[in-house]
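Going down the list, the protein sequences come from chains A and B.
Quick note: the first sequence uses our numbering, first residue 22, plus one each step.
Quick note: the second sequence uses our numbering, first residue 23, plus one each step.
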Amino acid sequence: MLKPEIAIVGGGPAGLSAALSAVRQGAEVMLLDRDPSLGGQLVKQTHMFFGSKKEYAAIRGIDIPGKLISALEDEGKGRFKPLLNTAVLGYYDDGVILADKEEEAMLIKPQKIVIATGAAEKMLPFPGNDLPGVYGAGAVQTLMNVYGIKPGNRVLMVGAGNIGLIVSYQLRQAGVEVAAIIEGASRIGGYLVHATKVRRAGIPILTSHTIKEAYGKQKVEGALICNLDENWCAIPGSDKDMKVDVICLAVGLTPQTELLWQAGCQQKYLPELGGYVPLRNEKMQTSLSSVYVAGDVACIEEAGSAMVEGKIAGLFAAADLGYDEKVEERFLAYSQELEELRAGPTGAKIREGLARLNGGV
Amino acid sequence: MRIEDHPIIKFKRGKPVSFTFEGRQIEAFEGETIAAALHAAGVRVLSHSHNLKRPRGFFCAIGNCSSCLMKVNGAYNVRICVEPVNEGDRVEMQEGRGDIIAQA
Ligand SMILES: Cc1cc2nc3c(=O)[nH]c(=O)nc-3n(C[C@H](O)[C@H](O)[C@H](O)COP(=O)(O)OP(=O)(O)OC[C@H]3O[C@@H](n4cnc5c(N)ncnc54)[C@H](O)[C@@H]3O)c2cc1C
Ligand code: FES
């Protein structure tokens with residue numbers, strides 16, 4: 022059985038930052054990711070990042086993992102062990118984790134574990150949602166930005182949050198037509214900068230609209246959309262037929278908390294944070310003292326805050342093992358960074374969710 | 023369906039490989055997943071639902087949802103959206119839930 026000091030599950034921005042922070046403290050880290058490369062969601066994000074300068078704003082998402090990985094290889098010589106193509110399947114009562122590395126079972130018993138497994142996309146119920154051609158936004162991004170393959174010729178985007186807006190713009194860059202972006206709410210959820218870019222590219226954004234049905238024999242041939250009134254009820258007679266071959270769902274993410282449930286960490290349902298999220302203290306430590314969390318698995322947010330949470334989780338996982346140099350000072354700096362990232366109107370929902378997470382009710 | 027010109031990304035495709043889908047030969051590039059290669063070749067229907075036999079394609083493309091299970095080289099229930107394509111792979115539609123034990 023492998024016995025690393027710290028095991029980190031998930032090598033997205035949160036997991037990579039946790040690894041770097043722990044390695045800097047002097048700890049030994051094993052980083053497990055089921056993908057063939059590190060970087061998580063960032064590997065398909067070709068747009069410039071918004072967020073804090075310290076956390077790589079104005080750098081393209083795809084360029085961030087490389088920077089973190091080279092820092093890790095540099096500063097973590099001999100103490101940083103990434104295991105790719107390694108899916109963590111189980112967490113047992115005695116703190117042992119079971120992983121599958123290319124069909125080989127592996128047992129690992131770390132002293133501390135950081136769970137940074139990210140999020141999964143939400144589905145939307147409507148007739149025909151099972152037809153080939155109905156894809157999650159992550160799938161569309163993977164096809165076009167990782168493999169350079171067009172998802173289709175004409176796309177209906179469902180959801181005008183940041184993801185729906187950004188992916189629509191990226192579709193245009195890839196030479197794919199976006200028929201419209203529809204949004205159930207009466208206003209656009211994403212940032213104005215992204216919405217403006219999309220509009221300038223000639224893509225209509227239809228608010229108070231939803232999808233009623235996807236149709237087609239073997240695959241999507243079109244969709245019926247309709248207008249919603251202020252109570253989110255379909256307005257009779259408002260149906261429109263859209264001829265599209267792809268329907269892309271960008272209707273939100275939910276934390277991938279399976280391992281946390283298995284471990285027995287206490288969780289709470291908070292829609293503001295994306296669904297069930299683990300209770301944790303300011304050290305990002307869950308109700309199980311050896312289990313830490315960071316990133317989208319703890320709260321659906323952004324890469325910037327995922328990275329700072331990772332730094333905090335990695336810092337304390339290492340400090341609890343005795344690698345506690347400058348802990349207070351570093352923690353203070355990271356908490357301030359988090360506070361800045363969550364300040365302002367865009368962070369209001371997150372602040373409310375976090376207040377409810379810690380404050381009972 | 024492959025993107026040749028992109029304003030931001032330079033796609034580095036691996037060396038050409040070929041595999042079969044339901045006996046039909048398909049060209050792909052090393053480094054792609056089976057799902058990506060099939061999509062590029064215009065294949066959308068990957069299987070059928072167990073009871074109503076409705077057509078199924080992939081959905082998440084990141085190994086999360088099991089919408090893309092197929093039979094690959096005799097092994098059932100392979101998530102082809104995260105399975106790299108290899109020269110000579112034999113990819114077939116899977117009927118039903120499939121056997122856990124791979125057949126040669
Ligand atoms: C289209 C889109 C645009 C975005 N744009 C921005 C932006 O402009 N700015 C911004 O700040 N944020 C943006 N985000 C959000 C940002 O990408 C996420 O908040 C961030 O990636 C979360 O990081 P993470 O490390 O928590 O999770 P992820 O990046 O999802 O990484 C999780 C990792 O865990 C691995 N994993 C999961 N389960 C297991 C398991 N059981 N075993 C092993 N490995 C596992 C996964 O393979 C993955 O590598 C965007 C997101 C999307 C989808
Ligand atoms: S498409 Fe979701 S697992 Fe393959």
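Beta carbons: idealized from backbone N, C-alpha and C, even for Gly.
Treat the numbers as computed from the prediction; the structure is a model and nothing was measured.
For glycine 82 of chain A and threonine 67 of chain A, I'd like the C-alpha separation in whole angstroms. As a first step, residue 82 of chain A must be located in the first sequence, where it is residue number 61. As a first step, residue 67 of chain A must be located in the first sequence, where it is residue number 46. Their backbone Cα atoms lie some 6 Å apart in a straight line.
Going along the chain, which residues put their C-beta within less than 7 Å of some heavy atom in ligand 2? A/Ala160, B/Ala57, B/Phe80, B/Phe81, B/Cys82, B/Ala83, B/Ile84, B/Gly85, B/Asn86, B/Cys87, B/Ser88, B/Ser89, B/Cys90, B/Arg101, B/Ile102, B/Cys103, B/Val104
Give the DSSP bridge partners of phenylalanine 101 of chain A, in chain order. Residue 101 of chain A sits at position 80 when you count from the first residue of the first sequence. Answer is A/Val50.
Nearest-angstrom beta carbon gap, leucine 362 of chain A and valine 329 of chain A [assumed within contact, 8 Å]: Counting from 1 along the first sequence, the entry for residue 329 of chain A is found at position 308. Counting from 1 along the first sequence, the entry for residue 362 of chain A is found at position 341. Rounded, the Cβ-Cβ distance is 7 Å, consistent with contact.
Buried or exposed for asparagine 73 of chain B, please, with buried defined as at least 16 other CB atoms from any protein chain shown within 10 angstroms of its CB. For the purposes of this step, residue 73 of chain B is identified with residue 51 of the second sequence, where counting begins at 1. Asparagine 73 of chain B is exposed by the Cβ-count criterion.
DSSP three-state label for arginine 119 of chain B, please. Locating residue 119 of chain B in the second sequence gives position 97, where the first residue counts as 1. In this structure, arginine 119 of chain B counts as coil in the three-state DSSP scheme.
Would you verify that the beta carbon of histidine 61 of chain B is, or is not, closer than 8 Å to some beta carbon of chain A? Your numbering for residue 61 of chain B matches position 39 in the second sequence. With 8 Å as the cut-off, histidine 61 of chain B counts as an interface residue toward chain A.
I'd like the ranges of any beta strand (DSSP E) spanning at least 3 consecutive residues and lying wholly in the segment 268-333 of chain A. 274-276, 288-291, 296-299, 312-314
So which of A/Ser308, A/Leu274, A/Gly237, A/Val272 has the shortest CA-CA distance to lysine 289 of chain A? Walking along the first sequence from the start, residue 289 of chain A turns up at place 268. Comparing Cα-Cα distances from lysine 289 of chain A to each of A/Ser308, A/Leu274, A/Gly237, A/Val272, the minimum goes to A/Ser308.
Whose CA, out of A/Ala327, A/Glu349, A/Ser326, lies closest to the CA of phenylalanine 337 of chain A? Numbered from its first residue, the first sequence carries residue 337 of chain A at position 316. If we check each option's Cα against that of phenylalanine 337 of chain A, A/Glu349 comes out closest.
beta-carbon isoleucine 391 of chain A near ligand 1 non-hydrogen atom, thresh 7 Å: Because chain A is modelled from 22 through 382, residue 391 of chain A falls outside the range shown and cannot be assessed.
Does glycine 120 of chain B get closer than 8 Å to chain A when you measure Cβ to Cβ? In the second sequence, residue 120 of chain B corresponds to position 98, counting from 1. No, glycine 120 of chain B does not count as interfacial toward chain A.
Touching or not, the segment 238-257 of chain A and the segment 160-171 of chain A, by the rule of three or more beta carbon pairs under 8 Å? no
Can you have a look at aspartate 54 of chain A and say buried or exposed, based on whether 16 or more other CB atoms are within 10 angstroms of its CB? Looking up residue 54 of chain A in the first sequence gives position 33. Buried.
My output table needs one value for threonine 138 of chain A: the three-state DSSP class, helix, strand or coil. To locate residue 138 of chain A, count along the first sequence from 1; it is residue 117. The answer is coil: DSSP assigns threonine 138 of chain A none of H, G, I, E or B.
According to DSSP, is leucine 110 of chain A part of a helix, a strand, or is it coil? Position 89 of the first sequence, counted from the first residue, corresponds to residue 110 of chain A. Residue state, collapsed to three classes: strand.
Chain A partners of alanine 58 of chain B, CB-CB under 7 Å? One-based indexing of the second sequence puts residue 58 of chain B at position 36. Those are Leu164, Tyr168, Ile170, listed as they occur along chain A.
For a minimum of 4 consecutive residues, which ranges assigned as the alpha helix (DSSP H) are wholly contained in the segment 24-80 of chain B? 56-62
Please return the same chain residues whose Cβ sits closer than 7 Å to the Cβ of threonine 138 of chain A, not counting the five positions on each side in sequence. To locate residue 138 of chain A, count along the first sequence from 1; it is residue 117. The answer, listed in chain order, is Val30, Gly31, Gln277, Leu280, Val318.
On the three-state DSSP scale, how would you describe aspartate 260 of chain A? Working through the first sequence from its first residue, we reach residue 260 of chain A at position 239. Of the three classes helix, strand and coil, the one that applies to aspartate 260 of chain A here is coil, per DSSP.
Going along chain A, which residues have a C-beta under 9 Å from phenylalanine 41 of chain B? By one-based count along the second sequence, residue 41 of chain B stands at place 19. Here the premise fails: no neighbours, minimum Cβ distance about 15 Å.
Within the same chain, show all residues whose beta-carbon is closer than 6 Å to that of arginine 24 of chain B, passing over the 5 residues directly before and after it, in chain order. Taking the first residue of the second sequence as 1, we reach residue 24 of chain B at position 2. Closer than 6 Å at the Cβ level, and outside the excluded window around arginine 24 of chain B, lie Ala62.
Does at least one heavy atom of ligand 1 sit under 7 Å from the Cβ of isoleucine 187 of chain A? By one-based count along the first sequence, residue 187 of chain A stands at place 166. At least one heavy atom of ligand 1 is nearer than 7 Å to the Cβ of isoleucine 187 of chain A, so yes.
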